[in-house]
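Counting from 47, one number per residue, gives the positions in the sequence shown under the numbering used here.
Step one of this worksheet: look at the structure below.
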Amino acid sequence: MRETLVLNASFEPLSTVTLRRAVVLVLQEKAVVEQAHPELRVRAATVELPMPRVIRLSRYVRVPFRRRAPWSRRGVLVRDRHRCAYCGRRATTVDHVVPRSRGGGDTWLNTVASCAEDNHRKADRTPEQAGMRLLRTPYEPSPSDALVLALGGTGRDALPDWLPVPA
């Protein structure tokens, strides 16, 4: 099912919701459509509206301060855009830069997307020990950056130009 990005009234990314929930928020006038899918519309007996891709809440919602984006394997793959950090090919696994057996943990700064071949070749060693170098340094995305990256995985044109997308 399609996901719709929800922005706060201040245009800050808050979360994603299902298409059904987005339509309900728009119909209840709790949100407005900021960007719609081109040429796709939601139709009912008495209502027709554009299929929302990005909606903005009409009223500001106070959100508790989020210090960090939660780490996940999917999040690492999305952050690295499914590209291997060692060779640049399509990544299907997550590799620990410092192996877990040597004290490395499941953190944003210790994990990178990797293809199965490079993950197997590196094995239980650091990149230096395996004679491999990282093409990109791992980084920790902010909570809003992680949300925008997850939605932008299908391509930059899927999001509005005014929404900042992390590099």
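Backbone N, C-alpha and C define an ideal beta-carbon position, used for all residues, glycine too.
Could you check what DSSP says for GLY199 in three-state terms: helix, strand or coil? Here GLY199 scores only 49 on pLDDT, less than 50, and its place in the model should not be relied on; the value that follows carries that caveat. GLY199 falls in the helix class under three-state DSSP.
Status (buried if at least 16 other CB within 10 Å, exposed otherwise) for ASP170: With a threshold of 16 other beta carbon atoms within 10 Å, ASP170 falls short and is exposed.
According to DSSP, is MET47 helix, strand or coil? Residue placement at MET47 cannot be trusted, given a pLDDT of 48 that sits under 50; the coordinates are not used to answer.
Run through DSSP, which three-state label would LEU181 get? DSSP, read as helix, strand or coil, puts LEU181 in coil.
Sub-8 Å separation of TYR106 and ALA68 beta-carbons: Their beta carbons are not under 8 Å apart, which means TYR106 does not touch ALA68 by this criterion.
Cut-off 8 Å between Cβ atoms - residues of its own chain near ALA1, not counting five sequence neighbours on either side: Outside the shown range of the chain, which is 47 to 213, sits residue 1, and nothing can be said about it.
Can you list, in chain order, the residues of its chain whose CB lies under 7 Å from that of PRO173, leaving out five sequence neighbours each side? Contacts found: VAL143, ARG179 and LEU180.
Sub-8 Å separation of THR50 and ILE101 beta-carbons: Yes, they are a contact pair.
Along the chain, which unbroken stretches of the alpha helix (DSSP H) at least 4 residues long are found entirely within the segment 58-108? The segment 58-108 contains these whole alpha helix (DSSP H) runs: 65-73.
Going by C-alpha distance, which of ARG136, LEU73 and LEU155 is nearest TYR185? That would be LEU155, whose Cα lies nearest to the Cα of TYR185.
Alpha carbon to alpha carbon, what distance is there between ARG114 and VAL88? Rounded to the nearest whole angstrom, the C-alpha separation of VAL88 and ARG114 is 36 Å.
Determine the DSSP secondary structure at SER188, reduced to helix, strand or coil. Coil.
Can you tell me which of GLU85, ASP152 and ALA90 puts its alpha carbon nearest to the alpha carbon of ARG120? Of the candidates GLU85, ASP152 and ALA90, the one whose C-alpha sits nearest the C-alpha of ARG120 is ASP152.
Sort out for me which residues DSSP pairs ASP141 with in a bridge. The beta-bridge partner set that DSSP reports for ASP141 consists of VAL158.
Local Cβ density within 10 Å of LYS168, reported as buried at 16 or more and exposed below that: Result: buried.
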